[in-house]
Amino acid sequence: MTQDAPRNDRPRAVNGHAPDVFKREGQVPMREYPKNAPVDFVIVGAGCGGSVLAAKLAEAGMSVVLFDAGPFFQPRRDFASDEREQEKLYWLDPRISDGDDPIELGANNSGRAVGGSSVHFQMVSLRFRPEWFKARSKLGYGRDWPVDWREMWRYYDEVEEALKISGPIRYPWGPDRGRYPYREHEVNEAGLVLARGAEALGVDWAPTPLCTVSAPSGKSPPCAYRGMCKIGCSINAKQSMLITYVPRAIKAGAEVRDLAMVGRIETGADGRATGVSYYRDGKWRFQKAENVVAAGYSIETPRLLLNSSTAQHPQGLGNADGLVGRNLMVHANDAVWGEFDEEIRWYKGPPSMATCEHWNYADDDPSKNFDGGYSFMSQGPLPGDFAGTLTSSTGMFGDDLLEAMGRYNRMAGLKMVGESMPQVDNRVTLADETDELGLPRAKVTHSFCDNDRRLQGHGRKFMSRMMRAAGGKNLFETQSTAHLMGGCPMGDDPETSVTDDMGRVWNVDNLWICDGSLMPTGGGVNPAMTILANAARIADRIIDARFD
Amino acid sequence: MTHDRIYDTFRRRTRRPVGGIGLGAIVAGVGLGFVAAGLAARRPRSANPVKRSRNKREALRLGRDGAAIMGASVLFDSALEHLRGDFRRDEMYVAPLTGATAMAAALAEPRRRKRGRVLEVTHLSSVGIGIAGMGFHLRNISRRPGGISWNNLFYAAPLGAPGALIMSGLFGMVTHRMAQAEGYEHLHGRELACLTALALVAESGEVALLHFRGAFHDKAMYLPVTLPPLAAAGLMAQAIYPHRHFRRPLTLLLRAVEGLGYVGTGFHALGVARNSAGWRNWRQTTLAGPPMPAPISFAGLGKTGRAALDLLAVGEDQPRQNKERAAI
Amino acid sequence: MSQPFRTPYPGYDVLDKWDSPSFDDQTREVLRARRDPPPRRFLDPNQFALLEALCAVVIPQRRPEPVPIAPFIDAALHAGRGTGTRFATMPPERDAWLRGLEAIDAEARAAFDGRGFCELVRPKQARLLRSIDRGDCRAPEAWQEMPPQKFFRALLLKQIVQIYYSAPAAMSEIGYGGPASPRGYVRLKVGQIDPWEAPFGTWEDQA
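Chain order of the listed sequences is A, B and C.
So the first sequence is numbered by our numbering: it starts at 1 and just counts up by one.
So the second sequence is numbered by our numbering: it starts at 1001 and just counts up by one.
So the third sequence is numbered by our numbering: it starts at 2001 and just counts up by one.
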């Protein structure tokens, strides 16, 4: 078992084949590229950014090699119904977490597998509010995106269609968004707690648009409501990158290299990228490339750029102004939990089946004492996860803990996804110590600002009111964070951003970034769809530029 | 003894007292239905074979079978759906029971005299219980958060389902009446055509809702929302303005609708197989997947539709028949 | 001290579903492998005994065959398996555990006349842990700058409960559905349970 000897320590995408993710055994053919001839694109990271880009570029006829530090899983064989075993999906290598409000990494926000965090995300598939793309000019906080919201919304359409998002027919907030490709799921009782509370308080609620299918799609069965989304979907109902864009990329001729940790982006005498050095199967190797894309998310992307320093780029790539790694954002993940008379049994179904985005759109509410917004969802943590929440927030143990856990089936919760402001001092840097491969570990420094705290307080208060209105008793609150955004924001101005509007690093014209680290602001919704849509947009921009 | 133990286990599991009895009653209802079916299989031969044209006998048979199939569909579909709802209210046993009696009553037709009253009452009670069921379902929906929302229309008690019970009762009534009376075939034909048309439209509406819920993920899912409304239009036209014209293609269309009932059952079986672990996980997938007993009601409606056309033909032939008889 | 915990779901055992579609091969394999706890390899016997005593206070188990917890913590430390986060105020995980165990023992000795943690009766052990959680320490030097509450909550408690609640016995006692693949659930609303779930529970506050 994994505690003792990792079973997933050998690359599986080798010898012209990749694992067939829809079967317990079996492979699919995969093209391979020689290391010493430059491929069109090397993409580092097979998560929401890298997978979409790889699939679209390969489908446009380019040669692509997609690297990931994690294993290439076959969900139906490798994913057990066991929280502890499934920790293998997370990035468990230590990162150093500092600041006034140090964040928890690992299970909270970092995946390490082909498919990235999408393998264990909770599938909440929301869109940004249009005004957030011009947060500074329209709402007076944060930064502007170098993109028009209508363009982003076209790409939301595209990725939602590709992932067969199952969402409500009428979404109560924001401009009309057309119809989701698949219908909403049946809302479980935990979700109805939110619904009842919202109706009592007179605010809208909606069945959450989810990235798991409500009817068969291709080789995916409809969701069986196992409730183990956070530890990986063993039946392939969840439309993670691993079973959608990654197979698409392979089919279109891309090569995936799993268990391949890219340590450096190499640059030539002209300062342009020449390829990547990566560690796979026991030794360091080099892959030549015309273009390199960093898509390792908000910690690994800055870490990689910073660690690729040369005489010409002494502070790391794209970091002449010292901006790489800065403006890192998280979402406040504060929650309110309550006990009910009847058994809710929140373990059934995806954890967040109902959502309320009221405070993302209520600009004029007199009680709104913060910039930005937050949404919140119903909850359904697995026992180990919930026990950890209980102990880390209350310190309870012994029979008190057993008693509290004995009420597991009668609990319900509301948890927010609260926007936090981009701040230059929230950042990723390289620590002095190194990991097993000799690469400097990432150090993450994070502190909330006053506005963040006001927003969180407002959220906890409102969620408590709603929980009481729904009939919850013995409420208690917890504080946590989730998601990562920013670190290498894109923008129109090289002075204040790391890349241009298509993710191209200023001053290194064949180095790109394509993941959540590009996000100039975090918004008050889960970032997955925005990262995906942005990646689809960047892919089209690259394809257009190439064939012009 | 054993029954007590089963009963006890069931009650502890579900906190509901009636479990064992209710399930027993349903099983008994199914048995009753099949006994009736066995009896009915012999009926048309023994029942007053004289004076009836082949068309009329055929119409009676089709009407009877149609009504029985509708009843059977209600029996199995409501048993399945209410099992999914854990039979958490005693009233939920009524639906499959009524489905069973509706099926049995339909199969006991056609009768000409005695015990006709009992059957008539049974048909009428199917209609009544169907209407009450709709009320229950509407109440169930309106009490949930969201009220008449898509989520509740998709996943709460289906509003349209008890309609099949109403239809089964009405078809039973019509079959009953046309078996008892001679000389009103044309009128009965028009009635039956109209009724079948309405039932087809209602049924397609229900299918449209549920296949929409399934995002029409398979193109074949469009068939039951296109063919039946077409057939319904044809039947309605015949009901308003009976005309021999188009009757032949309409018969073909109705046969297609009937076939859809059988093929649909097969498709739904495949649909169950496409759920997590397929039939191996039948305890989940037969409830969560497409309902196996649902499509067959189209077979029933295809039959009653053809019965209507046959009756119209009988009615139109009658003057000629009478003349022929007079000539002999 | 609170009442001894009584499960609301007596008689329910997720392992009854071992051969049902709720369990798949990989889950059975994981649970089978966990049935034999790994040997002690990282901590020394005294440290291990202390860890076992801590586990027993945090999760008082009254069953004939208690769920083993300490061996898995030891195995994780041996394998160098991390959590993905090291707070800047904390030493690396292995050091944190060694230092924390030693400090807890030192706290016991400082508070109870030189008696080590293992020698204390359960209520005193619990009282000691509560004061450590409050930051009310008598042997601050033993912690060597490591924040006691951070160690106690973020490492000790968290690891113990996460190991415990991944055990079938713990799942059964809280009425959790347990492993669920390929079979999930059908009935999602209040008052509705699938036949393969725990029957409704009973609590003292609503008897």
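Glycine included, each C-beta is placed from N, C-alpha and C at the ideal position.
The segment 352–378 of chain A is shown to contain whole alpha helix (DSSP H) runs of 4 or more residues at 358–361, in chain order. Residue 292 of chain A sits in a strand when the DSSP states are folded into three classes.
Among the residues facing chain C, residue 337 of chain A is not included, as its CB has no counterpart in that chain under 9 Å away. Contacts between residue 1084 of chain B and chain C, judged by CB atoms closer than 8 Å, involve 2186, 2187 in chain order.
Around the C-beta of residue 214 of chain A, 16 or more other C-beta atoms lie within 10 Å, and the residue is accordingly described as buried. Of all residues in the segment 132–164 of chain A, none is placed with a Cβ closer than 7 Å to any Cβ belonging to chain C. Residues of the segment 374–390 of chain A with a C-beta atom less than 9 Å from some C-beta of chain C are 382, 383, 384, 385, 386, 387, 388, 390, listed in chain order. Among the residues of chain B, none has a CB under 8 Å from the CB of residue 2179 of chain C; the nearest is roughly 13 Å distant. For residue 278 of chain A, the closest C-alpha among the options A:527, A:508, A:65, A:526 is that of A:65. Taking a C-beta distance under 9 Å as the contact criterion, residue 370 of chain A and residue 458 of chain A qualify as a contact pair.
Only 1212, 1213, 1214, 1215 from the segment 1196–1216 of chain B bring a Cβ to less than 8 Å from some Cβ of chain A. Residue 384 of chain A sits away from residue 2005 of chain C, with the two beta carbons spaced by 9 Å or more. With distances taken between CA atoms, residue 37 of chain A lies nearest to A:291 out of A:128, A:291, A:122. Between residue 1218 of chain B and residue 1059 of chain B, the gap from beta carbon to beta carbon reaches 9 Å or more. Annotation note: the segment 446–500 of chain A contains the following uninterrupted alpha helix (DSSP H) runs of length 4 or greater, listed N- to C-terminal: 450–469. It is roughly 10 Å from the alpha-carbon of residue 392 of chain A to the alpha-carbon of residue 2151 of chain C. Taking C-beta atoms under 8 Å as the contact rule, residue 429 of chain A and residue 443 of chain A qualify, at a distance of about 5 Å. Per DSSP, the continuous beta strand (DSSP E) segment holding residue 255 of chain A begins and ends at 255–257.
About 6 Å separates the Cβ atoms of residue 1165 of chain B and residue 1133 of chain B, confirming a contact at the 8 Å cut-off.
Contact between residue 361 of chain A and residue 386 of chain A does not hold, since their C-beta atoms are separated by about 30 Å, which reaches or exceeds 8 Å. Listed along chain C, the residues sitting closer than 9 Å to residue 110 of chain A by beta-carbon distance are 2084.
In this structure, the alpha-carbon of residue 2068 of chain C lies about 16 Å from that of residue 402 of chain A. Looking at the DSSP output, residue 511 of chain A bridges to A:292. Within the segment 1281–1313 of chain B, 1281, 1283, 1284, 1287, 1288 place their CB atoms closer than 8 Å to a CB of chain C, listed in sequence order. Listed in chain order, the non-local C-beta contacts of residue 1196 of chain B below 7 Å within the same chain comprise 1235, 1301, 1304, 1305, 1308, local neighbours out to five positions each way being set aside. A straight-line Cα-Cα distance of about 52 Å links residue 476 of chain A and residue 1100 of chain B.
By the criterion of at least three beta-carbon pairs nearer than 8 Å, the segment 1280–1298 of chain B is in contact with the segment 1252–1267 of chain B. For residue 2192 of chain C, the nearest beta carbon of chain B is closer than 9 Å to its own beta carbon.
For residue 215 of chain A, the C-beta contacts it makes with chain B under 8 Å involve 1213, 1214, 1215, 1217, in order along the chain. Under DSSP, residue 144 of chain A takes part in a beta bridge, and its partners are A:134.
Within the DSSP bridge table, the entry for residue 418 of chain A names A:332, A:374 as partners. Taking C-beta separations shorter than 6 Å and ignoring five residues to either side along the sequence, the partners of residue 454 of chain A in its chain run 369, 370, following chain order. In the structure shown, the three-state DSSP call for residue 165 of chain A is coil. Distances from the CA of residue 283 of chain A to each of A:225, A:512, A:395, A:262 were compared; the closest alpha carbon is that of A:262. Within the segment 1055–1088 of chain B, those residues whose Cβ lies closer than 9 Å to any Cβ of chain C are, in chain order, 1084, 1085, 1086, 1088. For residue 67 of chain A, the enclosing beta strand (DSSP E) covers residues 64–67.
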